[in-house]
Structure formats: structure tokens, C-alpha cells
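Per my numbering: the sequence shown = residues 683 to 975. Yeah, the Cβ is synthetic: ideal placement off N, Cα and C, and Gly gets one too. A short worksheet on the structure shown next.
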Amino acid sequence: MVCWHDAFVPPVLAQHEFLCRHAEVDPTTLVVGRRRRTDPPLSVDVRVRWLRSAHPTYTVVSAAAFDARRCQSVPGGAQAEAARHDPVSAWSVLHPVVQGALTTRVCVVGAESTGKTTLVRAMSERHGTKGVGEYGRDYTIAKKDAGTNDHWTTEDFVRIAEEQQRLEDEAAIGAGPLFFCDTDAMTTALWHERYQGSSSKVVDRLGRMRTYDLFVLCDTDIPWERDAIRLGADTRSAMHRRFIDVLSIQRREPWILVSGSVEQRMEAVDEEIRRLRLLTADAIYAPTRHHLR
């Protein structure tokens, strides 16, 4: 059986699952196309990728490569229509893979001891969603325990950047409309500069591969807290200035600087999310969000 899926059926509980469970059809091939002008402006390629990830046992093809007249149409229904216009309200009916693709990613960055982890945990708890931690810190602790913390190579930073992105994508599956990241590969590239004295084309490229809906830079206005792996307050000041330079000049995403208490920082982030209207259908379905995800 061949089933046609219009522009938005795949994300909405994949109606072919419902039909299969009720023995109405047993599709082996899913054809993805776009039929309405009102459909979200997501490319067929993006939706094909989603459906292949969600249902690897099916053959998923683009309508451009298949005769749609041979397909049994799968109706979108009220849930699909609701998700077209208000994906946040319809979030619970989206497939976890699609939730991971559509979730609004807020990346919290900053120098050492600026409250990044605290802010990510607090925002995730407030919004009842997931977050992803800083893999680079775990990696550094492991190197210290192994006695190699005084010897860093570019390969170390490549591993950190790649694993940070893998963990982010893994945690994003099934996340809420908001998803908070504790640093990113761009941060890893800046630490490569600090430890190695120069940039790395490979690590820089990994940092540019990922886009975010909002960067949040944590200020240095909180007391410095020493621990076993942090470099020092002077490094914190220099790295903070470097983050400002990169976010202002090299990145295209919106960013804000947050200061004050945890509550004040949380309010600033929520206000910026509202100001940018990041949880609206127009923002969530913007094609530019999905070409690197």
C-alpha cells in the first residue's frame, strides 16, 4: 500500500500509524508532498527526513519522484490543522522526532563561572522541558582525572564539539516547545583559541554548522567561584569580551546579555523570547531554521 502525506500529516502522530493499528491500511511506501498554499513553508526534503527518522522501516519518497495518483490519501484532520496554525498548543500530538526538529533552541553561553548551568536548569524547570549539559566540562574533568589536563590537542576539541552536538540532538527529541542548551560547538571553538593559542578550521566549521533561535550570554557580574578545572578570573574577563565580539560580528542569530540574579536573568530570557515571537508558527516553521538541523 502506498500512502500520500500532505505537507503536515507526518508531524501529527503520523496518521498512518493510527490507520495501521486499526488494520485499515498497511502502507509500505509513504509519499510526501505539498498540496495547500496555507501549508507551513517547510521543504519536502525536510519532511522526508523527519519521516525517515520517525519510521525507518518504511520507504519514504518525495512526490516529485512518485506518481501521486497511485497513492491513498491520509487525511490530516483537526490535529494537523491545529498544528499548522499553532504548533505550541498542538505540541503533544507531534511525533517526538518532529518535536526535536521544531523545538525553539536557546543556547546559553559565557565564560567560566557566569551561571550558565544554573540558568539552563532553572529555565528548563520553569518551562517543563529538557536541557542539555556542557559536555566539555565532563571531558575536562575526565582529562584531569587521567592526569592529561595539561596537554590538549585539536582532536580533543573536535571530540567535544561533535559530542556536544550529538547530545543536543539526542536530548531535543521529545523536548518541549523550548529547549535550552548549556554551551555549544562555537564555545568549544573559542576554548580552542584559549588553550591552543590559535583557531581551528575544523572546530570553527563545527560551530558554524549549528544555528540557534537565541543566544543568551551570561554576564560576569556574579562572584567568581574557583573549582578544580577553572582557569581564573582574568581568563573569565577575556573570554567574556571574546564572546561579545563573536556574537556581535560573526553570528547572525539574535543574542542578549543577561545580568543580575537567576530570577532576573530568567525574566530577561522570557521577555526576549516574547519580543522575538519565537514560539509563533511563523518563527517555528521558518525554513531557515531547518537547513542545518
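C-beta atoms of residue i and residue j nearer than 7 Å
i: residue 762; j: residue 921; result: no
i: residue 863; j: residue 797; result: no
i: residue 872; j: residue 924; result: yes
i: residue 845; j: residue 817; result: yes
i: residue 788; j: residue 896; result: yes
i: residue 738; j: residue 855; result: no
i: residue 724; j: residue 967; result: yes
i: residue 928; j: residue 804; result: no
Buried or exposed (CB count within 10 angstroms, at least 16 for buried), residue i
i: residue 883; result: exposed
i: residue 930; result: exposed
i: residue 910; result: exposed
i: residue 870; result: buried
i: residue 822; result: buried
i: residue 795; result: buried
i: residue 767; result: exposed
i: residue 811; result: buried
i: residue 781; result: buried
i: residue 833; result: exposed
i: residue 703; result: Confidence at residue 703 is low in this model, with a pLDDT of 41, below 50, so its placement is unreliable and the value that follows should be read with caution. Exposed, because fewer than 16 other Cβ atoms sit within 10 Å of the Cβ of residue 703.
i: residue 806; result: buried
i: residue 932; result: exposed
i: residue 866; result: buried
i: residue 971; result: buried
Cβ-based neighbour list, residue i, same chain, cut-off 8 Å, excluding 5 preceding and 5 following
i: residue 961; result: 770, 786, 859, 860 and 955
i: residue 959; result: 965
i: residue 730; result: 714, 742, 743 and 744
i: residue 705; result: In this prediction, residue 705 has a pLDDT of 34, which is less than 50 and means its spatial position is unreliable; nothing more can be read from the coordinates.
i: residue 940; result: 801, 898, 899, 900, 901, 946, 947, 950 and 951
i: residue 826; result: 910 and 911
Terminal residues of the beta strand (DSSP E) in which residue i lies
i: residue 735; result: That residue, residue 735, is in no beta strand (DSSP E); its alpha helix (DSSP H) goes 726-736.
i: residue 864; result: 860-864
i: residue 741; result: 741-744
i: residue 939; result: 937-940
Contacts around residue i, its chain only, beta-carbon distance under 6 Å, and the 5 residues preceding and following it disregarded
i: residue 773; result: 859
i: residue 875; result: 881
i: residue 886; result: 871
N-terminal and C-terminal residue of the alpha helix (DSSP H) that residue i is part of
i: residue 955; result: 944-958
i: residue 780; result: 778-784
i: residue 964; result: 963-966
Contacts around residue i, its chain only, beta-carbon distance under 7 Å, and the 5 residues preceding and following it disregarded
i: residue 850; result: 814 and 863
i: residue 857; result: 781, 782, 785, 811 and 812
Report the residue ranges of all beta strand (DSSP E) runs contained in full by the stretch 787-825; include only those spanning at least 3 residues, in chain order.
-> Counting whole runs of 3 or more residues, the stretch 787-825 contains no beta strand (DSSP E) stretch at all.
Could I get the ranges of all uninterrupted alpha helix (DSSP H) runs contained in the stretch 834-915, with 4 residues as the minimum, in chain order?
-> Counting only unbroken stretches of 4 or more residues, the alpha helix (DSSP H) elements lying wholly within the stretch 834-915 are 836-854, 867-878 and 883-890, in sequence order.
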